[in-house]
Amino acid sequence: MVILTVAAVVTYSNIFNPKKHDDHHHKAASHKEHHAPEPAAPPPAKSSHSEEKPCCDEAKCNEKKEEEKPCCDEAKCKEEKKECKEDCKKEEGKSEEKQHHDNEKPSTSGSGSGATEIPDHVPYLMIGGGTASYYAAIAVRGKEAEAKVLIIGDEPSVPYNRPPLSKELWWYADQKSRDTLEYINVSGKRRDIFLESDGWFVPTGEISKASHGGVSLLKNHRVKRVDTKSKKVHLDDGRTIRYDKLLIATGGRPRKLKELQNADGLVRKKIVYLRDVIKGSGNLPNILPKELSELAKFELESNGVKIHSNAKIQGAESGKDGRAILKVDGEDLESDAIVVAIGIEPNVELAKDAGLKIDPENGGILADSELQAAEDVYVAGDVASYEDSRLGRRRAEHWNHAEITGRLAGANMTGTKTKFWYQGMFFTKLASKLHVSAVGQTDSKLDTVAVCSKESEKQGGAKKCVVFYKEKDGKVLVGVLMLNMFGPAIDVARRLIDDKVKVTSPTELAKLFPLYEAETPEKEDQKKEEK
Numbered sequence: 001m002v003i004l005t006v007a008a009v010v011t012y013s014n015i016f017n018p019k020k021h022d023d024h025h026h027k028a029a030s031h032k033e034h035h036a037p038e039p040a041a042p043p044p045a046k047s048s049h050s051e052e053k054p055c056c057d058e059a060k061c062n063e064k065k066e067e068e069k070p071c072c073d074e075a076k077c078k079e080e081k082k083e084c085k086e087d088c089k090k091e092e093g094k095s096e097e098k099q100h101h102d103n104e105k106p107s108t109s110g111s112g113s114g115a116t117e118i119p120d121h122v123p124y125l126m127i128g129g130g131t132a133s134y135y136a137a138i139a140v141r142g143k144e145a146e147a148k149v150l151i152i153g154d155e156p157s158v159p160y161n162r163p164p165l166s167k168e169l170w171w172y173a174d175q176k177s178r179d180t181l182e183y184i185n186v187s188g189k190r191r192d193i194f195l196e197s198d199g200w201f202v203p204t205g206e207i208s209k210a211s212h213g214g215v216s217l218l219k220n221h222r223v224k225r226v227d228t229k230s231k232k233v234h235l236d237d238g239r240t241i242r243y244d245k246l247l248i249a250t251g252g253r254p255r256k257l258k259e260l261q262n263a264d265g266l267v268r269k270k271i272v273y274l275r276d277v278i279k280g281s282g283n284l285p286n287i288l289p290k291e292l293s294e295l296a297k298f299e300l301e302s303n304g305v306k307i308h309s310n311a312k313i314q315g316a317e318s319g320k321d322g323r324a325i326l327k328v329d330g331e332d333l334e335s336d337a338i339v340v341a342i343g344i345e346p347n348v349e350l351a352k353d354a355g356l357k358i359d360p361e362n363g364g365i366l367a368d369s370e371l372q373a374a375e376d377v378y379v380a381g382d383v384a385s386y387e388d389s390r391l392g393r394r395r396a397e398h399w400n401h402a403e404i405t406g407r408l409a410g411a412n413m414t415g416t417k418t419k420f421w422y423q424g425m426f427f428t429k430l431a432s433k434l435h436v437s438a439v440g441q442t443d444s445k446l447d448t449v450a451v452c453s454k455e456s457e458k459q460g461g462a463k464k465c466v467v468f469y470k471e472k473d474g475k476v477l478v479g480v481l482m483l484n485m486f487g488p489a490i491d492v493a494r495r496l497i498d499d500k501v502k503v504t505s506p507t508e509l510a511k512l513f514p515l516y517e518a519e520t521p522e523k524e525d526q527k528k529e530e531k
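Using the numbering used here, read the sequence shown as starting at 1 and increasing by one per residue.
(1) On the CB-based measure, 16 or more other CB atoms within 10 Å of its CB, does P360 come out buried or exposed?
(2) Indicate whether I338 and A324 have their beta-carbon atoms separated by less than 7 angstroms.
(3) Does the beta-carbon distance from A316 to L326 come in below 7 angstroms?
(4) For A489, tell me which candidate among K419, F426, T504 has the shortest Cα-Cα distance.
(5) Please report the Cβ distance between E206 and D192, rounded to the nearest whole angstrom; I am assuming they are in contact, meaning their Cβ atoms lie under 8 angstroms.
(6) Could you check what DSSP says for G129 in three-state terms: helix, strand or coil?
(7) Taking just the CA atoms, how far does A137 sit from V215?
(8) Can you check which of these residues, A132, S335, Q314, is closest to K306 by C-alpha distance?
(9) Can you give me the Cβ contacts of V140 inside the same chain, cut-off strictly under 7 angstroms, excluding the 5 residues immediately before and after it?
(10) Can you tell me whether DSSP reads D482 as helix, strand or coil?
(11) Please classify R225: is it buried, with 16 or more other beta-carbons within 10 angstroms of its beta-carbon, or exposed?
(12) Between the segment 496-514 and the segment 472-479, are three or more C-beta pairs nearer than 8 angstroms?
(13) Among the candidates P159, P119, D120, whose CA atom is the shortest distance from the CA of A402?
(14) Any idea if K472 is buried or exposed, counting beta-carbon neighbours within 10 angstroms, 16 or more meaning buried?
(15) List the whole-angstrom C-beta distance separating V467 from L295, where the pair is believed to meet the contact cut-off of C-beta under 8 angstroms.
(16) Quick one: give me the first and last residue of the alpha helix (DSSP H) that P506 is part of.
(17) Go ahead and label A145 buried or exposed: buried means 16 or more other beta carbons lie within 10 angstroms of its beta carbon, across all protein chains shown.
(18) Drop a sphere of 10 angstroms on the beta-carbon of F298, count the other beta-carbons inside from all chains shown, and report buried for 16 or more, exposed for fewer.
(19) Under the DSSP definition of a beta bridge, which residues are partnered with E331?
(20) Pairing CB atoms from the segment 237-254 with CB atoms from the segment 343-357, are three or more of them under 8 angstroms?
(21) Counting pairs of beta carbons, one from the segment 362-380 and one from the segment 235-250, are three or more of them closer than 8 angstroms?
(22) Along the chain, where does the alpha helix (DSSP H) that runs through R395 open and close?
(23) Do you know whose CA, among I184, Y422, T504, A173, lies nearest R495's CA?
(24) What are the residues that DSSP puts in a beta bridge with Y535?
(25) Do L169 and S177 come within 7 angstroms of each other at the CB atom, strictly closer than that value?
(26) What would DSSP say about T442, mapped onto helix, strand or coil?
(27) Which residues does DSSP list as the beta-bridge partners of F298?
(28) So, is A263 buried or exposed, given that buried needs 16 or more other C-beta atoms within 10 angstroms?
(29) Have a look at I118 and S211 and give me their C-alpha separation to the nearest angstrom.
(30) What are the start and end residues of the alpha helix (DSSP H) that includes V501?
(31) Would DSSP call D382 helix, strand or coil?
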């Protein structure tokens, strides 16, 4: 199978539809779920137009036919019909007004047959069913043990870990992984991607009365409108929920290539849009300095990946046997599928309609260093454009960043008032010998200095490198990228950035990282014998 990828690094997948895995995960719940009873379907309303009643008694009319006299006054009959229709219109108007009023009114009984029961009011409301909302809920409960939290998400599953979808489940998955979404982590333990089981969440119809609080999850629903003045959100089914504190963590959607939008239907079915954690175009040249970018290209090509650098896509069309043809710089590239991974667009429309300010440069919802965007409104994850006291205004799209900002926003929703300080990280794997992890600002447009070790047998022939990124017009460290380094190296990088270390001697600074193979007593003895 031939797959064309429009990007150099694909790290987070957004194509997973966890609906078919709900049954497996439901079995893992620690206790049986309690479902609110479904309201009985209301009887069909009778329409005043469905059957027009005669304005006079037809039976009596037939009895008088022999007398050849009109059975009723025709003029009066017409007048009665006219009044009848006017009455019907009035009733319809009242019915529509009542329906509108019912839709505006918070409902705990549902808006129709089978509707999930929801609370009228909840102290903490999280919009978005992903990583940021989950960790925000955890943080709220950590500060207030009996807090009541409601998460609203448009997916059919509980919140889940995205990184394994494009990492462990691709690298180490076995035959059962497709159905169970389980994998073996680095410590050798079997895990699945779900952050919690269904049974961990309090049913939405019970959260208001939960004596010890809890976290509820409303699945398969979207918030259509936020009213920050009345502190109310409007759901896609017309119901409303009042809140005290609100988190907007609506994430982002994969960017699409306009050059592929006009492709025919058969080709569009073969295009898969993925999200990418690396801000910008997602290409390695935007993160790695030139020499490491060339190394990455070499390793990928050694594993059978053909790379077209600085290529321009003109479009796509159907080929033979239903395959797709991608037109690149005048060349036709035939493939079984086209994968597009050029980053994401933050979902800020809901916030914009609510009157919140949008960052014109970074594209996220403007917030302060405490992740507060407005009174009692906080943001986290991909949509947050926040003030970093160390690196300035930023917006990041990493999974780790979603966890960090979720925890911080949740804590601040309870009144903590902590400023953003902990730098998130991202990681990925290219081929078999390139494990990349980074902290802070890693933009190749910045001044960079790379320090690398020689390949060794102990490292499996893999080169280790540490890249220091310096702020513009200065020597102060703002970002660190590590190649084939694990463990405490990430924390070392965070500390250096936080301390505003100056990169005056890169080789000395590199000694703080596990760059070189440690000398064992056996090797020292061997060197002495050789001398």
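Ideal Cβ positions, reconstructed from N, Cα and C, are used throughout, including at glycine. Every value quoted in this text rests on a predicted model; they were computed, and no experiment measured them.
In short:
(1) exposed
(2) yes
(3) yes
(4) F426
(5) That belief does not hold up - the Cβ atoms of E206 and D192 are roughly 26 angstroms apart, past 8 angstroms.
(6) coil
(7) 7 angstroms
(8) S335
(9) Y124, A147, V149, G410, M413, T414
(10) Sequence inspection shows Met at residue 482; the Asp mentioned does not correspond to that position. In the structure shown, M482 sits in a strand (DSSP, three-state: E or B).
(11) exposed
(12) yes
(13) P159
(14) exposed
(15) With 8 angstroms as the limit, V467 and L295 do not qualify as a contact, their Cβ atoms being about 11 angstroms apart.
(16) 506-510
(17) exposed
(18) exposed
(19) V328
(20) yes
(21) yes
(22) No alpha helix (DSSP H) contains R395, which DSSP labels as neither H nor E.
(23) Y422
(24) Here the chain covers residues 1 to 531 and nothing more, so residue 535 does not appear.
(25) yes
(26) coil
(27) Per DSSP, none; premise fails for F298.
(28) buried
(29) 17 angstroms
(30) Segment: none, V501 is in no alpha helix (DSSP H) and carries neither H nor E.
(31) helix
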